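Some notes on the structure that comes next.
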Amino acid sequence: MGRPNNKKKNGQKSIGKTIIIGIILVALLVSFYYYVSAKADRDKAKESDKVTKTEQMLQYDFDKKYPPSPKEVVKYYSEITRCFYNEENSEEDIYALAMQIQKLYDEELTGNQTEEEYLEKLKVEIASMKQNGLIISSYSISSSTDVEYYTEDGHEWASLYCVYGIRKGTAVRNSNEKFLLRKDETGHWKIYGWTLADN
């Protein structure tokens, strides 16, 4: 009787171990590839989730959800104004923001100039602010109790103040503006005009 061939058995065992180790390595590599791919997709999704302030303002639908109070109207006006001066916008963005902010304006205010005139003046103002290194760093609107309501010539009116912090470098100066709003026939408060107020 011959002895069993241990070399043959050992060789088969080592081939079996090598195959198992190879399968495990391939499985690990495939898992790692899917993990890295999924992470890259998640990172891309997070990047696309970062919405700029301009995009936020353009996504707001004033036709469906108009601001309910004079204070809220001035808040949205101020946010869009900050987008004009603080953000890096394309020509299309500036146009879209201009159309968006005009939804907050009284028809008499928008009727004072053509769309082209308005856009031209707006672009000049934006260029001037950027050239001078100015941004609107903050704004503070009158409290709701400080809004003055009255009726005149058959219209409901509201007036309130907003203080804008205009920054150049580290220096900040305040600009105090008085807003006049008129309620339109649909019950929406629209900006009739504004002027610099005494500080």
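All the letters of the sequence shown, read from the start, carry residue numbers 429 to 627 under this note's numbering.
Beta carbons: idealized from backbone N, C-alpha and C, even for Gly.
What you are looking at is a predicted structure, and each value in this text was computed from that prediction instead of being measured.
- [ ] Give the DSSP bridge partners of Ile569, in chain order.
- [x] Cys590
Task: Contiguous alpha helix (DSSP H) assignments of at least 4 residues, all confined to the stretch 457-543 - done: 481-487, 498-514, 519-530, 535-538
Open item on the list: In whole angstroms, give me the CA-to-CA distance for Asn540 and Lys596.
Closed with: 31 angstroms
Task: CB of Trp585 within 8 angstroms of CB of Phe607, strictly - done: no
TODO: Could you check the C-alpha separation between Glu613 and Glu535 for me, to the nearest Å?
DONE: 11 angstroms
- [ ] Would you be able to state if there are at least three C-beta pairs under 8 angstroms between the stretch 494-503 and the stretch 564-583?
- [x] yes
Task: the stretch 519-532 / the stretch 484-495 touching (three or more Cβ pairs under 8 angstroms) - done: yes
Task: Residue from Ile594, Glu543, His583 whose Cα sits closest to the Cα of Ile564 - done: Ile594
Task: C-beta atoms of Met485 and Gln528 nearer than 8 angstroms - done: yes
Open item on the list: Taking the beta carbon of Thr482 as the centre, do at least 16 other beta carbons fall within 10 Å, making it buried, or is it exposed?
Closed with: buried
TODO: Sort out for me which residues DSSP pairs Val552 with in a bridge.
DONE: For Val552, which the question treats as bridged, DSSP gives no partner whatsoever.
TODO: Label Phe460 either buried or exposed according to how many other C-beta atoms from any shown protein chain fall within 10 Å of its C-beta, with 16 as the threshold for buried.
DONE: exposed
TODO: Thinking Thr616 and Tyr494 are a contact (beta carbons under 8 angstroms), I'd like their distance in whole angstroms, please.
DONE: The identity of residue 616 in the sequence shown is His, whereas the question assumes Thr. That pair is a contact at about 5 angstroms.
Open item on the list: Comparing C-alpha positions only, which one of Ser603, Glu515, Glu519, Leu456 sits nearest to Ser568?
Closed with: Ser603
TODO: Check whether the Cβ atoms of Tyr505 and Ile619 lie closer than 8 angstroms to each other.
DONE: yes
Open item on the list: Between Glu507 and Thr480, how many whole angstroms is the CB-CB distance? I'm expecting something under 8 angstroms.
Closed with: In fact, because the Cβ distance is near 12 angstroms, the residues do not count as touching under 8 angstroms.
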